[in-house]
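In full-length UniProt numbering, the protein residues as written are 1 to 344.
Spelled out as structure tokens, the structure:
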């Protein structure tokens, strides 16, 4: 069965744009041509959010048809999908949608943090949306988040630091630590970090930085402040800061850990433009393993995060919570795997 992602891929727009059109959401304008192409793709692909997905033999997958309908589910993504991090969040959203469909439900909408800064949109989501549950992908504005928890009967988080709700994710600290240990095993002793801060606005509190620091401390390796580059989760800034760092006459690190692949790939361009080689002069490892990682030049060593599976499990967790299967908020952590490639 077709999904929102299938339509988005065919039309060449974001999943959230498709969601707004098919749900007649007028909070943000979509031009007439794009809107028409989306509806054409809906008809061509046979998209129907109310139907359960089928497997190759035409039978239902997932839970039994005898189990209760999950109902309508909303999804809130912390960041704007149209930015650099779309390759990471898109598979998660695909997993959410597939999981909801396989359990007899309907994905009612996908909004991002920018959408919910509008009081009108927030009102629509928490009071007029008519959903039975919401999946929140990463941390959103605390005021918005509290309003959602007060008004929506069931909330499940993905990588959300709130012990009062069920959550699904991966161990960010352990993933970063594992990547740094890989660099250390390759002989590197001077390792920098590319990343961003969370809502604390302090990069040293961010889990991937803490994993980097823990690995360095355990190996007895020094951390130099000038090698910690706060990119604010912006790929362009990652490129700019890396280039600026490489132009300095001071001693350079022989390797970097990047907190995301998109920051790593833009930093790799800065390395090449500075006349250096990867990995001979500067090795780079990263976290995410988006589809582009293995096609970078050279192919990027990255910790694989099971993005689709995280989304699917979040949808299944919402089903379980609505069926009162957990006496307490459950925390589900999915495994990661280092994909060692030529960048290290």
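Cβ coordinates follow ideal geometry from the N, Cα and C atoms, glycine included.
Just reading off the beta strand (DSSP E) that residue 344 is part of, what are its end residues?
Counting along the chain, residue 344 sits inside no beta strand (DSSP E), nor does DSSP assign it H or E at all.
Nearest-angstrom Cα separation, counted from residue 212 out to residue 180:
Cα to Cα, residue 180 sits roughly 6 Å from residue 212.
Using the Cβ count rule (16 or more neighbours within 10 Å means buried), how would you classify residue 119?
In this structure residue 119 is exposed. Its beta-carbon is surrounded by fewer than 16 other beta-carbon atoms within 10 angstroms.
Cβ separation of residue 284 and residue 300, assumed to be a contact under 8 Å, to the nearest whole Å
So it is a contact: roughly 7 Å between Cβ atoms.
Are three or more beta carbon pairs between the segment 318-330 and the segment 252-267 nearer than 8 Å?
With the cut-off at 8 Å, the segment 318-330 and the segment 252-267 do not touch.
Using the C-alpha atoms, what's the distance from residue 332 back to residue 7?
Cα to Cα, the separation comes out at about 30 Å.
Of all the options 294, 207, 148, 71, which has the alpha carbon lying nearest to the alpha carbon of residue 174?
Here the closest residue by C-alpha is 207.
The beta strand (DSSP E) with residue 2 in it runs from where to where?
Counted as a single uninterrupted DSSP element, the stretch harbouring residue 2 is not any beta strand (DSSP E), since DSSP gives it neither H nor E.
Would you list the residues sitting across from residue 154 in a DSSP beta bridge?
The secondary-structure analysis by DSSP pairs residue 154 with nothing; it has no beta-bridge partner.
Throw me the rounded Cβ distance for the residue 152 and residue 126 pair, which I believe falls under 8 Å.
The beta-carbon distance between residue 152 and residue 126, rounded to whole angstroms, is 7 Å. This is short enough to meet the 8 Å contact definition.
Beta strand (DSSP E) segment containing residue 334, residue limits
Per DSSP, residue 334 belongs to no beta strand (DSSP E) and is neither H nor E.
Quick test of your reading: residue 310 and residue 170, contact by CB under 8 Å. State the CB separation rounded to the nearest angstrom.
At roughly 7 Å, the Cβ-Cβ gap stays under 8 Å, so residue 310 and residue 170 are in contact.
Test item: CB-CB of residue 239 and residue 277 under 7 Å
At a Cβ-Cβ threshold of 7 Å, residue 239 and residue 277 do not count as neighbours.
Where the beta strand (DSSP E) through residue 258 begins and ends
Per DSSP, residue 258 belongs to the beta strand (DSSP E) from 255-258.
With respect to the beta strand (DSSP E) encompassing residue 317, which residues constitute its N-terminal and C-terminal limits?
Note, residue 317: premise wrong, no beta strand (DSSP E); alpha helix (DSSP H) at 307-322.
Would you check if there are 3 or more beta carbon pairs closer than 8 Å linking the segment 138-156 to the segment 333-341?
Using a C-beta cut-off of 8 Å, the segment 138-156 makes no contact with the segment 333-341, since fewer than three inter-stretch Cβ pairs fall below that distance.
What are the complete alpha helix (DSSP H) segments, minimum 4 residues, inside the segment 96-150?
The DSSP assignment places 119-123 as complete runs of the alpha helix (DSSP H) inside the segment 96-150, in order along the chain (cut-off: 4 residues).
Can you check DSSP and say which residues form a bridge with residue 285?
According to DSSP, which records beta bridges pairwise, residue 285 is partnered with 257, 301.
Are residue 10 and residue 43 touching if we call contact CB-CB under 7 Å?
No, Cβ-Cβ distance for residue 10 and residue 43 is not below 7 Å.
Going by alpha carbons, who is nearest to residue 13 out of 2, 45, 74, 86?
Taking each of 2, 45, 74, 86 in turn and checking the Cα distance to residue 13, the smallest one comes out for 86.
Buried or exposed: which applies to residue 16, given that a residue is buried once 16 or more other Cβ atoms fall within 10 Å of its Cβ?
With 16 or more other Cβ atoms within 10 Å, it is buried.
Assuming residue 201 contacts residue 191 (C-beta within less than 8 Å), just tell me the rounded distance between them.
So it is not a contact: roughly 24 Å between Cβ atoms.
Please look up how many angstroms separate the CB atoms of residue 344 and residue 253, rounded, as I've assumed it's under 8 Å.
About 13 Å separates the CB atoms of residue 344 and residue 253; that is not less than 8 Å, and the two are not in contact.
Given a threshold of 16 other Cβ atoms within 10 Å of its Cβ, counted over all protein chains shown, does residue 58 qualify as buried or as exposed?
At residue 58 the pLDDT is 36, less than 50, meaning the model places this residue with poor confidence and gives no usable figure here.
Could you tell me how far apart the beta carbons of residue 139 and residue 168 are, in whole angstroms, since I believe they sit closer than 8 Å?
Contact between residue 139 and residue 168 does not hold, since their C-beta atoms are separated by about 14 Å, which reaches or exceeds 8 Å.
Is it right to say residue 56 is buried, meaning 16 or more other beta carbons lie within 10 angstroms of its own, or is it exposed?
Residue placement at residue 56 cannot be trusted, given a pLDDT of 38 that sits under 50; the coordinates are not used to answer.
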